[in-house]
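Residue numbers (full-length UniProt numbering): 1 to 167.
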């Protein structure tokens with residue numbers, strides 16, 4: 001409670017969540033969903049693309065000779081390049097778009113915005129210029145721009161212009 005203002009509306013009228021969802025409306029299938037992170041064909045595509053990228057090809061060769069490369073390691077089982085425990089995606093790869101679409105446009109938690117999409121992808125993947133590519137992708141998303149909150153003043157009323165008395 002604030003001293004002079006009294007109690008706000010939500011404190012006076014707490015929402016009754018039991019009325020929002022009735023027992024017959026709650027089904028397990030509504031809350032069960034599986035989000036597949038990455039498929040085996042995508043992993044194969046990453047392996048193929050990483051060897052075609054000039055920059056990463058040199059790093060992979062050094063790692064195979066057992067030379068240490070700062071911030072990079074080779075995952076022995078899947079044979080993918082890691083940067084700080086994140087899978088490295090080669091530049092100009094179609095896999096980047098696949099990952100963006102799966103994490104941003106998914107039905108489970110789709111269209112979370114720029115920062116959350118960046119955080120989601122940054123947990124598992126890395127590529128050069130990742131921040132800018134994700135921001136460009138999310139800012140060009142039509143669903144996000146339609147559902148975005150408006151942060152400006154309401155537009156004023158249109159007033160008719162006066163008719164001039166002469167030329």
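Note that CB positions come from ideal geometry on N, CA and C, so glycine has one too.
Considering only residues of the same chain and omitting the five flanking positions on each side of residue i, which have a CB-CB separation below 7 angstroms?
i, result
"residue 161", "none"
"residue 125", "86, 87, 89, 99"
"residue 69", "59, 62, 63"
"residue 57", "51"
"residue 102", "none"
"residue 78", "43"
"residue 47", "79, 80"
Let me check one thing: in DSSP terms, what residues is residue i bridge-paired to?
i, result
"residue 126", "88"
"residue 74", "81"
So, are the CB atoms of residue i and residue j less than 7 angstroms apart?
i, j, result
"residue 87", "residue 80", "yes"
"residue 53", "residue 91", "yes"
"residue 119", "residue 138", "no"
Excluding the five sequence neighbours on either side, which residues of its own chain have a C-beta within less than 6 angstroms of the C-beta of residue i, listed in chain order?
i, result
"residue 148", "none"
"residue 93", "49"
"residue 66", "none"
"residue 45", "95"
"residue 115", "none"
"residue 73", "82"
For residue i, which option in the options has the closest C-alpha, if you only look at C-alpha atoms?
i, options, result
"residue 122", "84, 44, 66, 69", "84"
"residue 42", "143, 112, 106, 97", "97"
"residue 141", "75, 112, 77", "112"
"residue 105", "128, 129, 134, 130", "134"
"residue 55", "159, 153, 128", "128"
Tell me which same chain residues have a C-beta within less than 8 angstroms of the C-beta of residue i, skipping the five on either side of it?
i, result
"residue 132", "none"
"residue 71", "83, 84"
"residue 144", "111, 113, 138"
"residue 165", "none"
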